[in-house]
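Asker: Dumping the structure here so I can ask a few things about it.
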């Protein structure tokens, strides 16, 4: 039958077991509005704004963007191939043309697979080799005694393994072993800021490896690690029904909806999560394109693991741009937000006045324009994140944490969160 044929037969035979956790019967209008929020992002084709996750999310959803999808994939290919094939010493490379990170490259490989493409040829081989080098470098940073840490995160490490797996590209047992050890000793994963996301991504990497049997010597450990991941995610469910928080729930459900380990507990947890997601959709909670692209597959009973054998002929409803009625022009209402910086000396505390509905990023820009406040950000696929505040740059094992006073970490990024009048926002330099 052949290796790939046997894999497809196995997938078909196991498919019936995966239906215990399905997020079905979600209001189609809510799903459509969710997809419509991605359409403006598909017009942003500069290298720093291209986001492979948008393409993957749409291809695994029940929605399509028509010709815009093909144009977006073409733009992705031009950008990623040019950036990777450019010599590292090239003097023509600008900051916006920097080589993609391990996570970005992994998502690009997922995007190719979402279009039913396998990487191949000279250019494809270079992409695969680059991602394998990233993983080997991270393996070295973790160390032979597992006392180190990835330079990026275990989330990106798992994503890299998953991306190679769906293309049927094997990585060395020692690379897989580092992720297995991290799951077996969960304290390592706690170094990541969002452990549910990390667990879910590791679980999907293991699911792909288990189905593909690319690392047969690790099969027993992979099986046990998958059980451990599922148990940990189920234990992380909140009273409201989310896994970790609302924004980590989509990836958790991607793993659980494809679970080959159905239990009564899993079915109950998924019903609870479905109700929570329905409420979040009605309240328009999901605005960030990365989070939307992770949620859309769940609403179509799909996950990244389905990219082992994607169905590129499945019918999908064509998205039309949303038509919004613009409100009548009126004098904007202003709110006051207290901005506080701690963890460095001297500390900072200042009230900032901005129009109601402004993002936290708008608050920071206003504070910088009208006072001694200074900050810098770095672009990422989930939006800008703080790298420096008041001249203090976060170190290798540090980050600028954003909190609602007195001590509640924000679940959204600075471009997505909209403070309320009288709210205090604290920027705190912390180690991890």
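Residue numbers (mature numbering (1 follows the signal peptide of the UniProt record, and there is no 0)): -18 to -1, 1 to 414.
Heads up, the beta-carbon is just placed ideally off N, CA and C, and yes, glycines get one too.
1) Could you work out which residue in 19, 96, 5, 317 is closest to residue 273 when comparing CA atoms only?
2) Cα-Cα, which of 244, 114, 43 is closest to residue 147?
3) Write down every uninterrupted run of the alpha helix (DSSP H) in the region 169 to 254 whose length is 4 residues or greater and which is fully enclosed by it, in chain order.
4) Just the Cα atoms here: how many angstroms apart are residue 327 and residue 411?
5) Does the beta-carbon of residue 334 have 16 or more other beta-carbons within 10 angstroms, so that it is buried, or is it exposed?
6) With a CB to CB cut of under 8 angstroms and the five nearest residues on each side skipped, what residues in its chain are close to residue 252?
7) How long is the line joining the alpha carbons of residue 26 and residue 41, rounded to whole angstroms?
8) At the level of alpha carbons, what is the spacing between residue 207 and residue 129?
9) So, is residue 256 buried or exposed, given that buried needs 16 or more other C-beta atoms within 10 angstroms?
10) Specify whether the region 175 to 184 and the region 135 to 144 touch according to this definition: at least 3 beta carbon pairs, one from each stretch, less than 8 angstroms apart.
11) Report the option in 7, 29, 34 whose CA atom is closest to the CA atom of residue 271.
12) Select from 357, 301, 210 the residue whose C-alpha is nearest the C-alpha of residue 51.
13) Do residue 409 and residue 323 come within 8 angstroms of each other at the CB atom, strictly closer than that value?
14) In chain order, what residues of the same chain lie with their CB nearer than 6 angstroms to the CB of residue 157, ignoring the 5 residues before and after it?
15) What's the C-alpha gap between residue 402 and residue 388?
16) Could you tell me the distance, in whole angstroms, from the CA atom of residue 44 to the CA atom of residue 288?
17) With residue 162 and residue 204 assumed to form a contact (beta carbons below 8 angstroms), what rounded beta-carbon distance in angstroms separates them?
18) Can you tell me which of the three DSSP states residue 413 falls into?
19) Leaving out five residues before and five after residue 275 in sequence, what residues of the same chain have Cβ atoms less than 6 angstroms from its Cβ?
20) Within the same chain, show all residues whose beta-carbon is closer than 8 angstroms to that of residue -7, passing over the 5 residues directly before and after it, in chain order.
21) Measure the alpha-carbon distance for residue 261 versus residue 268 and round it to whole angstroms.
22) Determine the DSSP secondary structure at residue 355, reduced to helix, strand or coil.
23) Does residue 167 get closer than 8 angstroms to chain B when you measure Cβ to Cβ?
24) Decide if residue 17 is buried, meaning its Cβ has at least 16 other Cβ atoms within 10 Å, or exposed.
25) List in chain order: all unbroken beta strand (DSSP E) runs of 3+ residues lying wholly within the region 18 to 48.
26) Out of 280, 88, 152, which has the shortest C-alpha to C-alpha gap to residue 199?
27) In chain order, what residues of the same chain lie with their CB nearer than 8 angstroms to the CB of residue 57, ignoring the 5 residues before and after it?
28) Are the CB atoms of residue 331 and residue 46 nearer to each other than 8 angstroms?
29) Suppose only complete runs of 4+ residues qualify. What are the alpha helix (DSSP H) ranges in the region 93 to 132, listed by chain order?
30) Would you mind giving the Cβ-Cβ distance between residue 187 and residue 215, rounded to the nearest angstrom? I have them listed as a contact below 8 angstroms.
31) Checking 8 angstroms against the spacing of the C-beta atoms, do residue 349 and residue 321 come in under that value?
32) With DSSP as the reference, please indicate the residues paired to residue 139 in a beta bridge.
33) Pick helix, strand or coil for residue 77, following the three-state DSSP scheme.
34) Cutting at 6 angstroms between CB atoms, please list the residues of its own chain near residue 192, excluding the five before and the five after it.
35) Ordered along the chain, which non-local residues of its own chain (more than five positions away) have a Cβ less than 6 angstroms from that of residue 224?
Answerer: Short version:
1) For the purposes of this step, residue 273 is taken as the residue at position 291 of the chain shown. For the residues 19, 96, 5, 317, the minimum Cα distance to residue 273 belongs to 19.
2) What you label residue 147 is simply residue 165 of the chain shown in a count that begins at 1. Residue 147 has its Cα closest to that of 114, out of 244, 114, 43.
3) 177 to 194, 201 to 217, 231 to 239
4) As a working note, residue 327 is residue 345 in the chain shown. As a working note, residue 411 is residue 429 in the chain shown. Roughly 11 angstroms between the two C-alpha positions.
5) Looking up residue 334 in the chain shown gives position 352. Result: buried.
6) Numbered from its first residue, the chain shown carries residue 252 at position 270. Counting only Cβ-Cβ distances below 8 angstroms, and skipping sequence neighbours, we find 2, 3, 4, 5, 235, 238, 239.
7) As a first step, residue 26 is located in the chain shown; it is residue number 44 there, counting from the start. As a first step, residue 41 is located in the chain shown; it is residue number 59 there, counting from the start. Going by the C-alpha atoms only, they are around 18 angstroms apart.
8) Reading the chain shown from its first residue, position 225 is the one you call residue 207. Reading the chain shown from its first residue, position 147 is the one you call residue 129. Cα-Cα distance, rounded: 20 angstroms.
9) Residue mapping note: residue 256 aligns to position 274 of the chain shown, counting from 1. In this structure residue 256 is buried. Its beta-carbon is surrounded by 16 or more other beta-carbon atoms within 10 angstroms.
10) The region 175 to 184 is in contact with the region 135 to 144.
11) Counting from 1 along the chain shown, the entry for residue 271 is found at position 289. Per the Cα distances, 34.
12) Taking the chain shown and counting its residues from 1, the one referred to as residue 51 is at position 69. Checked all of 357, 301, 210; the closest Cα to residue 51 is 301.
13) As a first step, residue 323 must be located in the chain shown, where it is residue number 341. As a first step, residue 409 must be located in the chain shown, where it is residue number 427. Yes, Cβ-Cβ distance for residue 323 and residue 409 is below 8 angstroms.
14) Here residue 157 is taken as the residue at index 175 of the chain shown, counted from 1. Cβ within range, chain order: 117, 121.
15) To locate residue 402, count along the chain shown from 1; it is residue 420. To locate residue 388, count along the chain shown from 1; it is residue 406. Residue 402 and residue 388: Cα-Cα distance of roughly 15 angstroms.
16) For the purposes of this step, residue 44 is identified with residue 62 of the chain shown, where counting begins at 1. For the purposes of this step, residue 288 is identified with residue 306 of the chain shown, where counting begins at 1. Cα to Cα, residue 44 sits roughly 14 angstroms from residue 288.
17) Looking up residue 162 in the chain shown gives position 180. Looking up residue 204 in the chain shown gives position 222. With 8 angstroms as the limit, residue 162 and residue 204 qualify as a contact, their Cβ atoms being about 7 angstroms apart.
18) Residue 413 sits at position 431 when you count from the first residue of the chain shown. DSSP places residue 413 in strand when its eight states are reduced to three.
19) Along the chain shown, one-based indexing puts residue 275 at 293. Excluding residues within five positions, the ones whose Cβ falls inside 6 angstroms are 35, 36, 39.
20) Walking along the chain shown from the start, residue -7 turns up at place 12. At residue -7, the pLDDT of 45 sits below 50, so the modelled position is not reliable and the matter cannot be decided from this model.
21) To locate residue 261, count along the chain shown from 1; it is residue 279. To locate residue 268, count along the chain shown from 1; it is residue 286. Their Cα atoms are separated by approximately 11 angstroms.
22) In the chain shown, the residue the question calls residue 355 occupies position 373. Three-state result, residue 355: coil.
23) Absence of chain B from the displayed structure is noted, only one protein chain being present.
24) Counting from one through the chain shown, the residue named residue 17 turns up at place 35. The residue in question, residue 17, is buried, as its Cβ has 16 or more Cβ neighbours within 10 Å.
25) none
26) By one-based count along the chain shown, residue 199 stands at place 217. Residue 152 is the option with its Cα nearest to residue 199.
27) Stepping through the chain shown from its first residue, residue 57 is reached at position 75. Correct list, in chain order: 27, 32.
28) Residue 331 sits at position 349 when you count from the first residue of the chain shown. Residue 46 sits at position 64 when you count from the first residue of the chain shown. No.
29) 103 to 124
30) For this step, residue 187 is matched to residue 205 along the chain shown. For this step, residue 215 is matched to residue 233 along the chain shown. With 8 angstroms as the limit, residue 187 and residue 215 do not qualify as a contact, their Cβ atoms being about 14 angstroms apart.
31) Along the chain shown, read from residue 1 onward, the residue named residue 349 stands at position 367. Along the chain shown, read from residue 1 onward, the residue named residue 321 stands at position 339. Result yes, Cβ atoms of residue 349 and residue 321 sit closer than 8 angstroms.
32) As a working mapping, residue 139 is identified with position 157 in the chain shown. Note: residue 139 sits in no beta bridge, so no partner.
33) One-based indexing of the chain shown puts residue 77 at position 95. Low confidence applies here, because residue 77 scores a pLDDT of 48, under 50, leaving its location unreliable and the question unanswered by this model.
34) Taking the chain shown and counting its residues from 1, the one referred to as residue 192 is at position 210. The beta carbon of residue 192 is closer than 6 angstroms to those of 204 in its chain, skipping five residues each way along the sequence.
35) Taking the first residue of the chain shown as position 1, residue 224 is located at position 242. Answer for residue 224: 231, 258, listed in chain order.
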